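Worksheet: one structure, shown below.
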Amino acid sequence: MRLVLLGPPGAGKGTHAQVLSKEFEITHVSTGEMLREALRVSSPLGLEAKQYMDKGELVPDEVVMALVAERLSKPDAAPGFILDGFPRTRRQGEGLDRTLRGLRMPLDLVVYFKTSAEVIVSRLSGRRVCGQCGKNYHVKNFRPKVDGICDVCGRALVQRPDDREETIGHRLEVYEEQTAPLVEYYRKKGLLVEVSGDLDLGPLQAVLAGLFHQKGLLPAKA
Ligand code: ADP
Ligand code: ZN
Numbered sequence: 006m007r008l009v010l011l012g013p014p015g016a017g018k019g020t021h022a023q024v025l026s027k028e029f030e031i032t033h034v035s036t037g038e039m040l041r042e043a044l045r046v047s048s049p050l051g052l053e054a055k056q057y058m059d060k061g062e063l064v065p066d067e068v069v070m071a072l073v074a075e076r077l078s079k080p081d082a083a084p085g086f087i088l089d090g091f092p093r094t095r096r097q098g099e100g101l102d103r104t105l106r107g108l109r110m111p112l113d114l115v116v117y118f119k120t121s122a123e124v125i126v127s128r129l130s131g132r133r134v135c136g137q138c139g140k141n142y143h144v145k146n147f148r149p150k151v152d153g154i155c156d157v158c159g160r161a162l163v164q165r166p167d168d169r170e171e172t173i174g175h176r177l178e179v180y181e182e183q184t185a186p187l188v189e190y191y192r193k194k195g196l197l198v199e200v201s202g203d204l205d206l207g208p209l210q211a212v213l214a215g216l217f218h219q220k221g222l223l224p225a226k227a
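See below:
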């Protein structure tokens with residue numbers, strides 16, 4: 006299965022992508038994670054990207070397009086993939102079309118997580134992440150066993166610089182301006198399905214399972 010998850014920051018794309026990649030045994034490709042990983046190892050790419058990310062701006066198209074093209078041509082993407090956070094501009098969408106045409110791997114589906122502003126702001130402002138393993142928590146909805154400490158690796162939880170309240174508003178503007186037009190782009194291609202990103206994890210998982218079933222896209226182990 007070849008899938009794009011589309012929607013605003015805080016829609017739950019990353020969380021659902023993780024679940025789906027296990028279920029369907031396909032590769033999860035998150036450009037945000039790839040860029041943060043590049044920063045963790047202090048690569049030139051990571052350091053360049055940080056300037057944009059911290060401000061809630063998009064990293065230049067060429068940079069992420071090259072990253073994704075390289076990632077999708079690796080053997081582990083052949084059985085299928087989930088793109089999470091890419092494409093984010095019309096140019097990236099067109100670039101992805103070219104890449105996938107070259108690889109002869111057309112998309113099956115684009116799932117649009119339609120999400121209200123209140124839900125987005127509450128999810129992003131309450132989000133905390135592990136500085137070590139990157140696992141996500143939430144101060145109200147998904148707390149670690151010990152306050153401020155990662156359940157998995159025992160390190161301190163931090164707030165992502167772009168999750169500060171003053172940056173969230175700007176990220177939403179950037180989304181509306183640059184990413185939201187992709188909804189129509191994929192609708193016109195007949196690839197788009199819409200779900201509610203306002204739903205909690207369990208209910209939305211059920212909606213997605215029904216949707217994939219209806220499309221004949223079945224998990225690795227039924
Ligand atoms: P969120 O969906 O919560 O905003 P991501 O992890 O997807 O988080 O992205 C974090 C940041 O990484 C973005 O604000 C942007 O700066 C950068 N980024 C990620 N994906 C892309 C992309 N496809 N194009 C440009 N910038 C990107
Ligand atoms: Zn951790």
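Here the sequence shown stands for residues 6 to 227, numbered as in the working numbering. Ideal Cβ positions, reconstructed from N, Cα and C, are used throughout, including at glycine. These numbers were taken from a predicted model, which means no experiment stands behind them.
Check, Outcome
"Identify which residue in L162, V163, V157 and G131 has its Cα closest to the Cα of G15.", "G131"
"Looking at C-beta atoms only, is the number of pairs between the region 27-44 and the region 87-95 that lie closer than 8 Å three or more?", "yes"
"Give the DSSP bridge partners of S35, in chain order.", "D89"
"Round the Cβ separation of G202 and A161 to the nearest angstrom and send it over; I've been treating them as touching at under 8 Å.", "Contact doesn't hold; Cβ gap of about 29 Å is too wide."
"CB M70 to CB G100, shorter than 8 Å?", "yes"
"On the CB-based measure, 16 or more other CB atoms within 10 Å of its CB, does L209 come out buried or exposed?", "buried"
"Are the CB atoms of F118 and G17 within a distance shorter than 8 Å?", "yes"
"Nearest CA to the CA of I125: which residue from L52, R169 and V73?", "R169"
"With 16 as the cutoff for other CB atoms within 10 Å, does C138 come out buried or exposed?", "exposed"
"Please write down, chain order preserved, every residue whose beta carbon lies under 6 Å from a heavy atom of the ligand ZN.", "C135, Q137, C138, K140, C155, V157, C158 and R160"
"Could you please give the first and the last residue of the uninterrupted beta strand (DSSP E) stretch that includes L10?", "R7 to L11"
"Using a Cβ distance threshold of 8 Å, determine whether the region 53-61 contacts the region 165-185, with at least three qualifying pairs required.", "yes"
"Look up H21 in the DSSP assignment and give the residues it is bridged to.", "The partner list for H21 (beta bridge, DSSP) is empty, contrary to what the question assumes."
"To the nearest angstrom, report how far apart L222 and V24 are at their CA atoms.", "15 Å"
"So the candidates are L10, R41, S26 and L11; which of them puts its Cα closest to the Cα of V134?", "R41"
"Which word fits A211, buried or exposed, when buried means at least 16 other C-beta atoms lie within 10 angstroms of its C-beta?", "exposed"
"Can you find the residues in the same chain that come closer than 7 Å, C-beta to C-beta, to L197, ignoring five residues on each side of it along the sequence?", "V115, Y117, V188 and Y191"
"Any heavy atom of the ligand ADP closer than 7 Å to the Cβ of G174?", "no"
"Grab the span of the beta strand (DSSP E) containing F118 for me, first residue to last.", "L114 to K119"
"Write down the C-beta distance between T184 and T94 rounded to the nearest angstrom, noting that I regard them as a contact closer than 8 Å.", "7 Å"
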